[in-house]
Amino acid sequence: MNTGLPGTGIGGLFYMFSVFVMIFIEIKDIIFRRKNGYSKAIVLEQTIIIFLLIVAIYTTNIFFSKYVFKKPPIYLAVNANLSAKASYVVTNYPILVPLALLIIVLIFTQALYVFLKSSKNERDTGVEPVSSPWKGDIEPLN
Amino acid sequence: MPARRADLTIIVPAYNEENSILDTLDSIKKQSVKAKRVIVVDDHSTDKTADIATSVGVEVRETPTNTGSKAGAQNYALTKVKTKYVMALDADTTMDKSAVEKLLQAFKDENTAAACGFVIPRYVNTVWERGRYIEYLIAFTYYKPIQEYFGKPLISSGCFSMYRTKFLKESNGWPTRTMAEDMDLTWSFHKKRFNVRFIPEAVCYPIEPQNFSFMKKQLIRWSHGFVQNLILHWRNVLTVPYLNYIIAVMTWDSIIASIMYLFLIPAFSIIFRSPWLLLLFIIDAPIVFIPVLLQGLKRKELIIVIISFPSFFVLRIVNAIFIMEAYWSEIILRKRLTQYEKGH
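Right, dumping it as structure tokens:
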């Protein structure tokens, strides 16, 4: 979610993972005794926030699986078919759905970047690009 | 002790701001580091904005004709700027005493093109102001510091940002091709590999929409502005590491979450006859509350945070309606919004 725009699903998760990356970068630089110029105060503050967020997510997960989706009997999970097992996992760990969506979105973004990069290389070698449907509607970028 | 003065021009674009401009100019006067020059750009106001600004001794420039947008008014003043730095400050926005001083720190790096600060609504009374208050607390406490760490603040807020004049002029000033010139300019700076910084210690207080009519006009601008910038910049921002992920995730959320709030959740609770499913509207309440609570504690505004929190969910539904309308209008109908309407 961002100011003025709706959505919380994968946005919040994305920033949580960003904080994990930040923590990894800081630990790596401490181990290798490198100064990275990043603000340590930001890392500390965000670490506290995501620790509390993880607690909140876990609590929300338990509430929804126990009271809303009703946790299925344990024997069903063990002896059930794939569809029932998948349903069991999702209802007990609803966080997995936005997590999977986040991974798909990030992979798709990276794939699009690679595709555009190779299209750009073709343009540089004189191959005509596909004309943009927006051509003529909007002024070109600076 | 003589006042410290920076090589800075502050531009205050104004259209019918007679009720708020005095406070803005007062907060400029009280800065710990003064600007060399302050220019109020009167965009052909029909009220006493220009007279009020002139009465307190500020330079007022009237545009030859109404430019129709904030960017247009700012660009008119930019031609007269000779200082190393230039700041854009909305005529309904005040600043903390050290805001200018804090933003200037960001420009020690020669590659910095823009710097923005923390935004908090000046008044938090109506449901709309309260919803916006919570939105800003989340964004400026949780998202923006992380964006800053990776060097990719998503937007250098149009209401309160400082720029290196040289880079701004090289970019032909504030672009007028979309409804969100601040987003357009920031993404262009990132594309050019300039630094854009977020300085949370520099705080400003804009007047946010108090009623639905005002909020509607602002959300229409912001929503259409986002979609227009997406259409304009998508190829280029894909090549900017981390920014590409931020925008991809934001786009996904703005579409999928809107569809969920407006259609799927109500439909599923009717189809499955389960009122429990309506809880999905607020499933993330504990998660949203954490950064807001922490910032509320920091700012000693805990009571205001708790009272305002429910308003966030009201505003979120309204946001969903307007962003869906923007996607439908700009992409499906190919009807571009070009009329800039401030609202008050």
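Chains A and B, in that order, are what the protein sequence lines are. Residue numbering for the first sequence follows my numbering, starting at -1 and increasing by one per position. Residue numbering for the second sequence follows my numbering, starting at 267 and increasing by one per position. Just so you know, even glycine gets a beta-carbon here, dropped at the ideal spot from N, CA and C. For clarity, every value in this text was computed on a predicted model and none was experimentally measured.
Residues of the segment 412 to 427 of chain B that bring their beta carbon within less than 8 angstroms of a beta carbon in chain A comprise Ile412, Glu414, Tyr415, Phe416, Leu420, in sequence order. For Ala54 (chain A), the closest Cβ of chain B is nearer than 9 angstroms. For Tyr471 (chain B), the enclosing beta strand (DSSP E) starts and ends at 461 to 472. Scanning B:Asp308, B:Glu596, B:Leu509 for the CA closest to the CA of Phe416 (chain B) turns up B:Leu509. With a 10 Å radius around the Cβ and a threshold of 16 neighbouring Cβ atoms, Glu283 (chain B) comes out buried. With contacts defined as CB atoms closer than 9 angstroms, Met361 (chain B) and Ala301 (chain B) fail to qualify as a contacting pair.
Chain A has no Cβ within less than 9 angstroms of the Cβ of Val352 (chain B).
In this structure, the beta-carbon distance from Trp440 (chain B) to His499 (chain B) does not fall below 9 angstroms. For the pair Glu328 (chain B) and Val347 (chain B), the CB atoms are not nearer than the 9 angstroms cut-off.
Inter-residue distance for Ile572 (chain B) and Val385 (chain B) is about 19 angstroms (C-alpha atoms, whole angstroms). Relative to the Cα of Phe22 (chain A), the nearest Cα in the group A:Ile46, A:Leu114, A:Val41, A:Gly10 belongs to A:Val41.
Under the criterion of beta carbons closer than 8 angstroms, Val304 (chain B) and Val324 (chain B) qualify as touching, at roughly 5 angstroms. The shortest C-alpha to C-alpha distance from Ile486 (chain B) to any of B:Ala551, B:Met590, B:Leu545, B:Lys336 is the one to B:Met590.
Residues Ala365, Lys368, Leu369, Gly383 of the same chain have their beta carbon placed closer than 6 angstroms to that of Ala468 (chain B), with the five preceding and five following residues left out of the count. For the segment 33 to 45 of chain A, the beta-carbon criterion of a distance under 8 angstroms to any beta-carbon of chain B is satisfied by Tyr36, Ser37, Ile40, Val41, Glu43, Gln44. At least 9 angstroms separates the beta-carbon of Phe464 (chain B) from that of Pro387 (chain B). Take Leu99 (chain A), set aside five residues on each side of it, and the residues of its chain with a beta-carbon closer than 6 angstroms to its own are Ile8, in chain order. At a cut-off of 9 angstroms between C-beta atoms, Pro387 (chain B) does not count as an interface residue with respect to chain A. Proximity of chain B to Leu51 (chain A) at the Cβ level (cut-off 7 angstroms) is accounted for by Ile553, Ile556, in chain order.
Contact with chain A is found for Asn510 (chain B), since one of that chain's Cβ atoms lies less than 9 angstroms from the residue's Cβ.
Counting only residues of its own chain and dropping the five nearest sequence neighbours on each side, Gly338 (chain B) has a CB closer than 7 angstroms to the CB of Thr442. Secondary structure at Glu395 (chain B): helix, using DSSP grouped into helix, strand and coil. Take the alpha-carbon of Leu530 (chain B) and the one of Asp448 (chain B): they are about 33 angstroms apart.
In the three-state reduction of the DSSP assignment, Ile305 (chain B) falls in the strand class. Check the Cα spacing between Asn332 (chain B) and each of B:Tyr351, B:Ser321, B:Asp317, B:Ser311: the tightest is with B:Ser311. Less than 9 angstroms separates the beta-carbon of Gly10 (chain A) from that of Ile553 (chain B). Residue ranges of uninterrupted beta strand (DSSP E) with 3 or more members are absent from the segment 549 to 605 of chain B; none lies entirely inside it. Beta-bridge pairing by DSSP links Thr359 (chain B) to B:Pro472. When C-alpha distances from Asn461 (chain B) are compared across B:Phe579, B:Asn377, B:Arg270, the shortest belongs to B:Asn377. DSSP places Val385 (chain B) inside the beta strand (DSSP E), whose first and last residues are 378 to 385. Interface annotation for the segment 501 to 532 of chain B against chain A: Arg501, Asn502, Leu504, Thr505, Asn510, Tyr511, Ala514, Val515, Met516, Trp518, Asp519, Ser520, Ile522, Ala523, Ser524, Tyr527, criterion Cβ-Cβ distance under 7 angstroms.
Residues of the same chain with a CB within less than 6 angstroms of the CB of Ser520 (chain B), apart from the 5 flanking positions on each side, are Ile589 in chain order. Residues of chain A whose Cβ lies closer than 7 angstroms to the Cβ of Tyr399 (chain B) do not exist; the shortest such Cβ separation is about 11 angstroms. For Tyr408 (chain B), at least one C-beta of chain A is nearer than 9 angstroms to its own C-beta. Looking at the DSSP output, Ala272 (chain B) sits in a beta bridge with B:Ala301. By the beta-carbon neighbour count (other beta carbons within 10 angstroms, threshold 16), Val95 (chain A) is exposed.
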